[in-house]
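The structure appears below as structure tokens.
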Amino acid sequence: MNFQNPESFFKLVLIGAIMGTLVYIANMDNVSYTKYRFAESHIVYVENELSFLRKEHQYNHTTRPRHPRPFITIAPNNSELSFRIDQKFTLSSCPYSLHAKLQESHWASQYYRPGVKMIMTNGNINQEEYRRLNKYDMPFGFFYRKKLTFQELSKTLKLFSEDESVLDFGNHQRPRCLSCAVVGNGGILKGSGMGKEIDNHSMVFRVNNCLRRGFENDVGNRTTHYVFMDRSLSHTQQADIPRDKGIKWVFLPCRLDDYHYISEVAKGTNPKQKLKAQAADIRLMHPDFIRYVHKVWMQTRSFRPSTGFVMFMTALQSGCDSVSVYGMGFNKKYSGYYYDKKFYTYENTSKSHDFLREVKILKELDKAGIIKWYKRDVPEFLS
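Read in order, the letters of the sequence shown are residues 2 to 384 in the working numbering.
Here it is, written out as structure tokens:
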């Protein structure tokens, strides 16, 4: 499309969008703060889109090649809310994909941004990217009290695959509609009989000390993705570490030592190391994705999202068309974990994670029909 004065056109569209949003607000009864913030964020989104259109117009009228937008920016004046885009990410063609539901949901669309880069590789972390991310503390960046140098980081990343997706279908074609089970270790699963239902999903995500031997009827037996940190296996016996063919190990580095740990795993040089995994099957989580989960979805003062919630968000954002959640959300009715020998009520004494916020997100997404959350008979989940 050609315009005599593109800048005037862009301003006109922006004014119209803002006025339309303000009229929308004015005509609503008892407008909540959340709805106002949604409208406000919509204006920012429109401004960002128009900024891109201006650049696109300029590219169309020069001999320079067009470049895709590299970042998703939620707040232009806050670099913490700017996240690298995975240019290879495409939305599913599944007619009932949750990605469409996330965008259509008034509540979820405030937080959902498709295509935030999830996996870091040697190919997508250069010196410029290292400097950008070194402003933020681990795991939201590369800053740590003991410095992780670019040379150390690059040496580590070279050990792993350049594949930026957590989904791998091997020699098989991706199903049109991909179903994913996200399995936490909550006591709600004990005696649930959910094992067969869990195993019937296309992909099965597990986390931390995910014991299966003796619990197959309740938690299933398949594992396609294991999300973990360096201490996840500290209480797991060698025989209980998942060994499924084609499994992908999704690693969340939170400290400098974590990079040393995962390097040892990839090299296989430490005979005392519990985890035996091929470097080609290991994926390292991108700091932008963890920061996106924490700053956009969680919006909390806690140290970071729990590893279980990172697992859930990985499934939600990676390309799964349906997500069923099991064993997530601590409660007073069931013991902390399904493998507990004695009943105990989990107490979040360290305050490292905001489990109440995580449960709220699960409840809202479940209520909107975006995910399926196994709530059993827990009153606080059902209310």
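Built from N, CA and C at the ideal position, the CB exists for glycine as well. Bear in mind the structure is a predicted one, so any value in this text is a computation, not a measurement.
Answer yes or no: do Asp-259 and Asp-282 have a C-beta to C-beta separation smaller than 8 Å?
Going by C-beta atoms, Asp-259 is not nearer than 8 Å to Asp-282.
Is it a yes or a no for the segment 218 to 236 touching the segment 194 to 201, going by three-plus beta-carbon pairs under 8 Å?
Touching, yes, given that three or more Cβ pairs across the two stretches are closer than 8 Å.
Select from Tyr-262, Asn-210, Gly-116, Cys-255 the residue whose C-alpha is nearest the C-alpha of Gln-239.
Checked all of Tyr-262, Asn-210, Gly-116, Cys-255; the closest Cα to Gln-239 is Asn-210.
Which two residues bound the contiguous alpha helix (DSSP H) that contains Val-266?
Segment 257 to 268, the alpha helix (DSSP H) holding Val-266.
Are Thr-122 and Glu-163 close, meaning C-beta to C-beta below 8 Å?
In this structure, Glu-163 lies closer than 8 Å to Thr-122 by Cβ.
Write down every uninterrupted run of the alpha helix (DSSP H) in the segment 124 to 174 whose length is 4 residues or greater and which is fully enclosed by it, in chain order.
Counting whole runs of 4 or more residues, the segment 124 to 174 contains the alpha helix (DSSP H) stretches 128 to 134, 151 to 158.
Pull up the distance between the alpha-carbon of Phe-310 and that of Glu-359, whole angstroms please.
Using only the alpha carbons, I get a separation of about 7 Å.
Nearest CA to the CA of Ser-203: which residue from Thr-225, Gly-192, Val-297, Gln-300?
It is Thr-225.
Taking one C-beta from the segment 96 to 110 and one from the segment 134 to 154 each time, how about it: are there three or more such pairs within less than 8 Å?
In short, these stretches do not touch, since the Cβ pair count stays below three.
With a threshold of 7 Å on Cβ separation, who are the neighbours of Tyr-347 within its own chain once the five nearest residues in sequence on each side are excluded?
Same-chain partners within the cutoff: Phe-331, Gly-337.
Within 8 Å of any Cβ in chain D, is that where the Cβ of Lys-246 sits?
Of the protein chains in the structure, only one exists, and it is not chain D.
Can Tyr-395 and Arg-256 be called in contact, C-beta distance under 8 Å?
What the structure shows of the chain is the stretch from 2 to 384, and residue 395 is not part of that stretch, so it cannot be assessed.
Which residue comes first and which comes last in the alpha helix (DSSP H) that contains Ile-242?
That residue, Ile-242, is in no alpha helix (DSSP H); it is neither H nor E in DSSP.
Express the C-alpha separation of Ser-325 and Lys-364 in angstroms, rounding to a whole number.
Their backbone Cα atoms lie some 13 Å apart in a straight line.
DSSP three-state call for Val-117: helix, strand or coil?
Correct three-state label for Val-117: strand.
From what residue to what residue does the beta strand (DSSP E) around Thr-74 run?
Here the beta strand (DSSP E) through Thr-74 covers 72 to 74.
If distances are taken between C-alpha atoms only, which option among Val-117, Cys-178, Met-195 comes closest to Asn-186?
If we check each option's Cα against that of Asn-186, Met-195 comes out closest.
For Ser-303 and His-354, what's the separation of their Cα atoms in angstroms?
Roughly 5 Å separates the two Cα atoms.
Please return the same chain residues whose Cβ sits closer than 7 Å to the Cβ of Lys-296, not counting the five positions on each side in sequence.
Glu-81, Leu-82.
Contact defined as beta carbons within less than 8 Å: I believe Met-312 pairs with Val-183. What is the distance between those atoms, to the nearest angstrom?
That pair is a contact at about 6 Å.
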